[in-house]
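Engineer: Below are the structure tokens for one structure; questions will follow.
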Amino acid sequence: MFGIGATELIVILVIVLVLYGGKRLPELGSSFGKAIRNFRGAGAEPDEIDVTPGKPPAAANGADDKKPDPDTKNSA
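Per the UniProt record's numbering, residue 1 is the first one in the sequence shown, and the count goes up by one each step.
Printed below as a string of structure tokens:
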């Protein structure tokens, strides 16, 4: 596993134990396990992309394109 032996893993675990303390280790392990599970689950799920055409926004379909009224001209 990544070229890490048992001695290196023990040193890493001791450092983590010193940094975070014994009370917080189960919480860290649980959150790490959930993250790994979510990561694996996301890779296994098929891509579900909604490709059905939707209603375009009002500005894109020309609703705001009003032509100036020829009867009202600027008298400037």
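Every residue, glycine too, gets a C-beta built ideally from N, C-alpha and C.
1) Looking at residue 9: is its Cβ nearer than 8 Å to the Cβ of residue 20?
2) Tell me the residue span of the alpha helix (DSSP H) that contains residue 7.
3) Under the three-state reduction of DSSP, which class applies to residue 27: helix, strand or coil?
Structural biologist: To lay it out plainly:
1) Translated into the one-based positions of the sequence shown, residue 9 becomes position 9. Translated into the one-based positions of the sequence shown, residue 20 becomes position 20. No, Cβ-Cβ distance for residue 9 and residue 20 is not below 8 Å.
2) By one-based count along the sequence shown, residue 7 stands at place 7. Here the alpha helix (DSSP H) through residue 7 covers 6 to 20.
3) Position 27 of the sequence shown, counted from the first residue, corresponds to residue 27. Note: residue 27 maps to helix in three-state DSSP.
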